Amino acid sequence: MRIRTRLTLWYTAILFAILVVISALSYSLLRWSLTQDLDASLLTVGQIIRDVGWEPTDTPLGGAAAAVREILGPEFYDKFFRLVDPDGQPRARATSFAGAIPPLSATAQRNAMRGQHTIETVHLAGGEPARVLTVPVSRDGQLMHIVQVGIPLERSQQTLTRYLQTLLVLIPVGLALAATGGALTARAALARLDAISRTARRIGAEDFGKRLARDGTGDELDRLAETLNEMLARLEAAFAEIRRFSADAAHELRTPLTALRGGLEVALRTDRTAPQYRDVLVSSLEEVDHLIRLAEDLLLLTRSSTGAGPKAAPVDLEPLVLDVFDTALRLAAGSGVTVRMPADFPGAGTGPLTVMGDAMALRRALLNLVDNALKYTPAGGTVELSLARDGAEAVVAVRDTGVGIAPADLERIFDPFVRLDAARARPTGGTGLGLAIARSIVTAHGGRVRAESVPGSGSTFTVSLPLV
Ligand code: ADP
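Going by the working numbering, the sequence shown opens with residue 35, and the numbers climb by one from there.
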């Protein structure tokens, strides 16, 4: 069922329930107040009869009846009177249809003996209901007779019936009007939603530049359009990033392949001696090695940045950093660069430094930093590896006394394929993916990598990881 129909049905049903409750309440209130009015007018008559007394000889137009008629005016005529003996025998009637009143009820008679009046609803001989007041008339403390005053309920019942009929007509009309209004409102509100989904459908993979129209009202639908637009902007940026990355990767692959092809072509142009072929093969092998490294790094970067996430397990950082330190010692052998750790590693009172994640990936990230530090530190320099606790984070720092990085390049170097001049000048340049891989691994572990540097005197790369 469509939302529009559902909404309309729902609030029509709710409105119906409300109307039924209100009608029932107002109907009972009306009935109660009509009865109150009748009783009040009967009590006025009863008061007059008590005050004036009612003689058995009184005719319908004389005596107490006359007094009552004088006070009540026209209201007198829709009432009827009857005189009853203390033992309940009707004695005289004051108006023609008083004979239709059923015999004095036991309750009314009992009350009359005690000198109290009674008001009750009775059914006349014809079956129509009437409200009857029974008043005792006493003289010198002696119950002389009982006067009954009645008023047919016909008129008030007619009023109630008319009210009920009005409700029965008005409620369906009201419901129909509300349902129509509701359906129209729902359609107007949902039409915009329809428009949004139509536009969203048109914005395909090739068309991320388009945005959904907003009407600036700031309502829910406007916010929905805004949210979708933000999502589109993120998708557009991500696609642009992927496109740039693919172009860069293709470029990076083409350079060594072109060099390889050039070398082979030159070698094939004339006949060469065995040592010359050997030289070509050696340099070709270097290019192939570089290509393999590049392919591996690309694979690593894709794996670490896609949602696969680190294979989460508790990783104790102290043995991990010690292992990286061992590898660094081996890499630095013969380069003239000193690799060391603080004397009190990992620092007194740090306790176990455990993070959740993938030990192999974290090792890769740290190795990339150490590898860079060794590559960009000339002989005689130092590379220092340290581990510490900083609040709820573990901090691994790789400090070198190498060439340093210009402030403007500190953020850029984490982008894929970015190599600074110092690196390009090197004969066997890296792939430019090392820092991108490190950052992507650390980010997947909920951490951060930062670089600080003083050009000419060294750099520090800090990895902060949340502790478990
Ligand atoms: P590469 O494979 O070229 O090392 P990286 O992504 O690891 O690629 O590093 C990007 C660039 O950042 C490097 O080419 C280099 O210019 C610079 N860089 C990285 N680490 C250091 C460092 N410790 N000292 C100086 N420059 C560095």
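In this text, a Cβ means the ideal position worked out from N, Cα and C, and glycines have one as well. Keep in mind it's a predicted model, so treat the numbers as computed, not measured.
query = Looking at the structure shown, is F448 part of a helix, part of a strand, or coil, going by DSSP?
reply = In the sequence shown, the residue the question calls residue 448 occupies position 414. In the structure shown, F448 sits in a helix (DSSP, three-state: H, G or I).
message = Using DSSP's beta-bridge definition, name the partner residues of T416.
response = Here residue 416 corresponds to residue number 382 of the sequence shown, with the count starting at 1. Partner(s): T372.
ask   = How many whole angstroms separate the CB atoms of L187 and P163, which I take to be in contact at a CB cut-off of 8 Å?
value = Here residue 187 corresponds to residue number 153 of the sequence shown, with the count starting at 1. Here residue 163 corresponds to residue number 129 of the sequence shown, with the count starting at 1. Indeed they touch by this definition, with Cβ atoms about 4 Å apart.
key: L167, DSSP secondary structure in three states   = As a working mapping, residue 167 is identified with position 133 in the sequence shown. The answer is strand: DSSP assigns L167 an E or B state.
message = Which of the three DSSP states is assigned to P386 in this structure?
response = Here residue 386 refers to the residue found at position 352 of the sequence shown. Three-state DSSP puts P386 in coil, outside helix and strand.
ask   = When the Cα atoms are used, what is the spatial distance from A51 to A58?
value = Taking the sequence shown and counting its residues from 1, one reaches residue 51 at position 17. Taking the sequence shown and counting its residues from 1, one reaches residue 58 at position 24. Computed Cα separation, rounded: 11 Å.
query = Just how far apart, CA to CA, sit S130 and L198?
reply = If you number the sequence shown from 1, residue 130 lands on position 96. If you number the sequence shown from 1, residue 198 lands on position 164. Residue placement at S130 is flagged as unreliable, the pLDDT there being 49, under the threshold of 50; the coordinate-derived value follows with that caveat. About 32 Å.
message = Just to check my reading of the structure: F448 and A470 have Cβ atoms closer than 8 Å, yes? What is that Cβ distance to the nearest angstrom?
response = As a first step, residue 448 must be located in the sequence shown, where it is residue number 414. As a first step, residue 470 must be located in the sequence shown, where it is residue number 436. Right, their Cβ atoms sit about 6 Å apart.
Closest by C-alpha distance to L258, when choosing among S280, T233, A308 = Mapped onto the sequence shown, residue 258 falls at position 224. The closest CA to that of L258, considering only S280, T233, A308, is found on T233.
request  = Return the CA-CA distance between D228 and T39, expressed in angstroms with no decimal places.
outcome  = By one-based count along the sequence shown, residue 228 stands at place 194. By one-based count along the sequence shown, residue 39 stands at place 5. Looking at the two C-alpha atoms, the distance is approximately 15 Å.
ask   = Going by the C-beta, is V371 closer than 7 Å to any heavy atom of the ligand ADP?
value = Taking the sequence shown and counting its residues from 1, the one referred to as residue 371 is at position 337. For the ligand ADP, not one heavy atom lies less than 7 Å from the Cβ of V371.
ask   = Hey, would you say G490 sits closer than 8 Å to D434, going by beta carbons?
value = Along the sequence shown, one-based indexing puts residue 490 at 456. Along the sequence shown, one-based indexing puts residue 434 at 400. No. Outside cutoff.
key: Beta bridge counterpart(s) of D256 as assigned by DSSP   = Mapped onto the sequence shown, residue 256 falls at position 222. According to DSSP, D256 bridges with nothing at all.
request  = Starting from S498, trace the beta strand (DSSP E) both ways and give me its first and last residue.
outcome  = If you number the sequence shown from 1, residue 498 lands on position 464. In the DSSP assignment, S498 falls within the beta strand (DSSP E) that extends over 492–500.
query = Do you know whose CA, among V371, S231, G149, S280, lies nearest T336's CA?
reply = Taking the first residue of the sequence shown as position 1, residue 336 is located at position 302. It is S280.
key: CB contact check: Q199 to chain C, cutoff 8 Å   = Absent from the structure is chain C; it holds one protein chain and no more.
request  = Verify whether the separation of the beta carbon atoms of V404 and V417 is less than 8 Å.
outcome  = The residue labelled residue 404 in the question sits at position 370 within the sequence shown. The residue labelled residue 417 in the question sits at position 383 within the sequence shown. Yes.
key: Spatial neighbours of L467 in its chain, beta-carbon cut-off 6 Å, leaving aside the 5 residues before and after   = In the sequence shown, residue 467 corresponds to position 433, counting from 1. If the five residues before and after L467 are omitted, its C-beta is found closer than 6 Å to the C-beta atoms of D331, L335, P450, all from its own chain and listed in chain order.
ask   = From S75 to I135, what distance separates their C-alpha atoms?
value = Taking the sequence shown and counting its residues from 1, one reaches residue 75 at position 41. Taking the sequence shown and counting its residues from 1, one reaches residue 135 at position 101. So the alpha carbons of these two residues sit roughly 19 Å apart.
ask   = For the putative contact between E352 and L396, defined by C-beta atoms under 8 Å, what is the C-beta separation to the nearest angstrom?
value = In the sequence shown, residue 352 corresponds to position 318, counting from 1. In the sequence shown, residue 396 corresponds to position 362, counting from 1. No, E352 and L396 are not in contact; Cβ-Cβ is about 13 Å, not under 8 Å.
query = Say the cut is 7 Å; is the CB of R248 nearer than that to a heavy atom of the ligand ADP?
reply = Within the sequence shown, residue 248 is the residue found at index 214, counting from 1. No, the ligand ADP has no heavy atom inside 7 Å of this Cβ.
In chain order, each beta strand (DSSP E) run of at least 3 residues that lies wholly inside the segment 153–224 = For the segment 153–224, whole beta strand (DSSP E) runs of length 3 or above, ordered along the chain, are 163–173, 176–186.
query = Which one of V183, K345, P290 has the shortest CA to CA distance from R327?
reply = Taking the sequence shown and counting its residues from 1, one reaches residue 327 at position 293. Minimum Cα-Cα distance from R327 among the listed residues V183, K345, P290 corresponds to P290.
ask   = Excluding five sequence neighbours on each side, which residues of the same chain lie with their C-beta closer than 7 Å to the C-beta of V488?
value = For the purposes of this step, residue 488 is taken as the residue at position 454 of the sequence shown. Cβ neighbours of V488 beyond the five flanking positions: G438.
key: heavy atom of the ligand ZN below 7 Å from D424 C-beta   = No copy of the ligand ZN appears in this structure; the ligands present are the ligand ADP.
ask   = Excluding sequence positions up to five away, which residues of its chain have a Cβ less than 6 Å from the Cβ of V373?
value = Taking the first residue of the sequence shown as position 1, residue 373 is located at position 339. Hits under 6 Å: A362, L363, A366, V417.
query = Leaving out five residues before and five after R347 in sequence, what residues of the same chain have Cβ atoms less than 8 Å from its Cβ?
reply = For the purposes of this step, residue 347 is taken as residue 313 along the sequence shown, with counting starting at 1. Before going on, a small fix: residue 347 reads as Ala here, not Arg. If we look at A347 and ignore the five residues flanking it on each side, its Cβ neighbours are M390, G391, D392, A393.
message = If the criterion is Cβ atoms closer than 8 Å, does the pair V166 and E154 meet it?
response = The residue labelled residue 166 in the question sits at position 132 within the sequence shown. The residue labelled residue 154 in the question sits at position 120 within the sequence shown. Yes. Within cutoff.
task = Indicate the three-state DSSP secondary structure (helix, strand or coil) for L117 in the structure shown.
result = Counting from 1 along the sequence shown, the entry for residue 117 is found at position 83. DSSP places L117 in strand when its eight states are reduced to three.
inquiry  = Does E89 come out as helix, strand or coil in the three-state DSSP assignment?
reply    = Here residue 89 refers to the residue found at position 55 when the sequence shown is read from its first residue. Of the three classes helix, strand and coil, the one that applies to E89 here is coil, per DSSP.
Own chain residues within Cβ distance below 6 Å of A377, not counting five before or after = Position 343 of the sequence shown, counting from 1, holds the residue named residue 377. Closer than 6 Å at the Cβ level, and outside the excluded window around A377, lies no residue.
task = Identify which residue in V452, K409, A428 has its Cα closest to the Cα of G436.
result = Within the sequence shown, numbered from 1, the residue matching residue 436 stands at position 402. When only C-alpha atoms are compared, the closest one is K409.
Simplified DSSP assignment, three categories, for R36 = Position 2 of the sequence shown holds residue 36. Coil, per DSSP.
Enclosing alpha helix (DSSP H) for E321 [first to last residue] = Here residue 321 corresponds to residue number 287 of the sequence shown, with the count starting at 1. Looking at the DSSP string, the run of the alpha helix (DSSP H) that includes E321 is 308–339.
message = With a threshold of 6 Å on Cβ separation, who are the neighbours of P380 within its own chain once the five nearest residues in sequence on each side are excluded?
response = The sequence position of residue 380 within the sequence shown is 346, counting from 1. For P380, where only same-chain residues beyond five positions count, the Cβ hits under 6 Å are E352, L421.
ask   = Between G464, L444, R453, Y111, which lies nearest to V483 when the distance is taken from Cα to Cα?
value = Counting from one through the sequence shown, the residue named residue 483 turns up at place 449. Relative to V483, the option among G464, L444, R453, Y111 whose CA is nearest is L444.
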